[in-house]
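One line per chain: the protein sequences are A and B, in this order.
If you're matching positions, the first sequence starts at 81 in this note's numbering and goes up one per residue.
If you're matching positions, the second sequence starts at 7 in this note's numbering and goes up one per residue.
C-beta atoms are modelled at their ideal positions from N, C-alpha and C, and glycine is treated no differently.
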Amino acid sequence: MSSVLQLLLEGECLETHQMADVLGMDEAAVTEELERLKDEKILLGWRPVFNPAEVEDDQVRAVIEVKISPEREGGFDRLSLRISRFDEVESCYLMSGGYDLLVIVAGKNLRTVASFVSERLATIEGVLSTATHFLLRAYKEQRHLLVEEGSASDKPAISP
Amino acid sequence: MTLQSSRFVANHVKDLPRSGIRDFFAVVSDMPQAISLGIGEPDFVTPWHVREAAVFALEKGRTSYTDNLGLLRLRKAISSYVQSSFGVEYDPEDEVLVTVGVSEALDLALRAFVNPGEKVLYHQPCYVSYDPSIVLVHGKALGAATSARNDFALAPAALEDAWEEGCKALILNFPTNPTGGVADKSTLERIARFAVEKDLLVLSDEIYAELTFDGEHCSIASLPGMKDRVIFLHGFSKAFAMTGFRIGYACGPSELIEAMMKVHQYSMMCAPILSQEAALEALLNGRESVLRMKEQYLRRRDYLVRRFNEIGLPCHSPGGSFYAFPNVAATGLDEIEFAHRLLREREVAVVPGSAFGEAGKDHVRASFSTSYIQLQQASDRISRFMDSLGHSSGSMEGVG
């Protein structure tokens, strides 16, 4: 794994010049490495991680269990990609177990999500059934715990 | 304390100097906004699965005393961990003692093995408690200096020089707090030969062993013929980020562990059971998080050491621990003045090296157990501090 990628995975939000500083590299070399990671589709992009409870344009999110019928050539791929291409779909995963696809959908309100499911998703040929679960509250978002951890204020600033 | 009541304090405690860290702590406490590189503990929170094990134990009502030696299942896990990681076999029945941190284990060892007036050899700069712990058992501390010239590795010749007749034990600490010094196998073999020749008991504090960056950590207890004269001291604070759990252990020959246990049973009874439960979980399922934390420390080390050298504070690359120990002599300030002025003028806290003994003079300890952003900001501030020292001497010349 490249040192740039390792640094990214540590999760500290560093700018390119800060990464260069930490790793003792030229900023240009870091940029080049980031480009390579993007070119090779290892690094897909950047998105800020929000606390869903604090975002102003609060969206409704739902987790949808979808059963689909696999096809002779391509298995689940064609239908899965077809579903994934909708803008409403944040993530789409093929699952083992009681259903085939786990689809995470976001919409501006309950009605938008409901109509996406009933009018778009459920009507696709090959989709056998859907079960929609609306997200009520987030406790952890993308590895960020959304509750206060014990404060560090008890930790002495100097210790042996 | 009034003059009246101070007469109750025992002489040897009265004479004990206050820790240099304690003094500096008082100053830093007044500046909560300062960036602290003075913290001698991991910045990672104890991994959740370990905390969860303690919570589960509490829920289950596991709140009793344990065997004086510690929970047998923990001792078994310690025994197998020590065997797989350090290559030394200890019987969990009578060769492992669970203690309240390595600090207690070291204190127990000194109390169990050192008669009043006997001498104990250790290397300097070192963890702040070695010297006072020896004094508290009415022993005499003999410090052997290590130096930046050889990256604070311990030269057996330095031990020879410091050794005196009547010396009973030798305390080793590799990797070393505060210098990050390490000892490779051949150095340890020479130290072992010295210990055998002088018939010394070796108390080997290996609390930073997992945080060895360069080469493999080697325990002196694993060298042929040494197990009978080594007390292996280790704990969970540093590698497993469990400082507040206060949990450590001592391994050694059963007669010696029995003697330490005697002191332990009358003074401490046993280590807290919740910490023991958490420690067990850490050993069983926590090794991966140790490796992850170590990788991060390594990158931070490389960064901070590079910055110190660029700034003009010569700094060797510590082979282990999470401390850099740069030399500040080039500034013209001594380490205490350097630390105080850096704190006052640039709000960065480092610990004066002399807090760790005479041999730490001219150095400061800077912990890299903190985020990159903090390390970057601290380095930038230290750099500006160095510039300002240059400027001020320049302007003085102008005035002259």
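- Taking 3 residues as the shortest admissible run, the stretch 99-160 of chain A contains the following complete beta strand (DSSP E) segments, listed from N- to C-terminal end: 140-148.
- As the crow flies, the alpha-carbon of Glu364(B) is around 51 Å from that of Phe130(A).
- Fewer than three pairs of CB atoms, one per stretch, sit closer than 8 Å, so the stretch 143-155 of chain A makes no contact with the stretch 217-226 of chain A.
- Of the candidates Ala189(B), Phe200(B), Pro23(B) and Cys173(B), Ala189(B) places its Cα closest to the Cα of Glu212(B).
- Cβ atoms of Arg352(B) and Arg390(B) come within 8 Å of each other, at about 6 Å.
- In the displayed model, Asn291(B) falls within a helix according to three-state DSSP.
- Taking 8 Å as the cut-off, the beta carbon of Ala164(B) is found no closer than this to the beta carbon of Val120(B).
- Excluding sequence positions up to five before and after His144(B), its CB lies within less than 6 Å of the CB of Pro122, all in the same chain and listed in chain order.
- Assignment of Pro162(B) by DSSP, reduced to helix, strand and coil, places it in the helix class.
- The Cβ-Cβ distance between Ala355(B) and Ile122(A) does not fall below 8 Å.
- Closest in C-alpha terms to Gly359(B), from the list Ser375(B), His346(B) and Glu341(B), comes Glu341(B).
- Below 8 Å, enough C-beta pairs join the stretch 40-50 of chain B and the stretch 240-247 of chain B to call them touching: three or more.
- Residues of chain A whose Cβ lies closer than 8 Å to the Cβ of Arg24(B) do not exist, since the nearest Cβ in that chain is about 12 Å away.
- Fewer than three pairs of CB atoms, one per stretch, sit closer than 8 Å, so the stretch 135-150 of chain A makes no contact with the stretch 110-120 of chain A.
- Counting other Cβ atoms within 10 Å of its Cβ, Gln282(B) reaches 16 or more and is therefore classed as buried.
- Residue burial annotation: Gln302(B) is buried, with at least 16 other C-beta atoms found within 10 angstroms of its C-beta.
- Sequence-distant Cβ neighbours of Phe214(A) in its own chain, meaning closer than 6 Å and more than five residues away, are Ala142.
- A residue is called buried once 16 or more other Cβ atoms fall within 10 Å of its Cβ, and Glu316(B), having fewer, is exposed.
- Residue burial annotation: Ser42(B) is buried, with at least 16 other C-beta atoms found within 10 angstroms of its C-beta.
- Counting along the chain, the unbroken alpha helix (DSSP H) around Thr193(B) starts and ends at Lys191 to Glu203.
- If you draw a straight line from the Cα of Thr152(B) to the Cα of Ala161(B), it comes to about 7 Å.
- Residues of chain A whose Cβ lies closer than 7 Å to the Cβ of Glu47(B) are, in chain order, Ser239.
- By the neighbour-count definition (other C-beta atoms within 10 Å, threshold 16), Pro128(A) is an exposed residue.
- It is roughly 8 Å from the alpha-carbon of Val84(A) to the alpha-carbon of Leu114(A).
- Using a 10 angstroms sphere on the CB of Arg306(B), the tally of other CB atoms reaches 16 or more, which defines it as buried.
- Its Cα nearest to that of Asp73(B), the residue Pro98(B) stands out among Ala147(B), Pro98(B) and Glu171(B).
- In the structure shown, Phe238(B) falls within a strand segment according to DSSP collapsed to helix, strand and coil.
- Judged by DSSP secondary structure, Val208(B) falls within the beta strand (DSSP E) whose first and last residues are Leu207 to Asp211.
- Taking Val357(B) as reference, the option from Leu194(B), Lys204(B) and Thr185(B) with the minimal CA-CA separation is Thr185(B).
- Among the bridge pairs identified by DSSP, Glu221(A) is matched with His224(A).
- Residues Ala215 of the same chain have their beta carbon placed closer than 6 Å to that of His223(B), with the five preceding and five following residues left out of the count.
- In this structure, DSSP gives Ile253(B) a state outside helix and strand, which the three-state scheme calls coil.
- Nearest C-alpha to Ser25(B) among Glu58(B), Phe62(B), Val88(B) and Tyr136(B): Tyr136(B).
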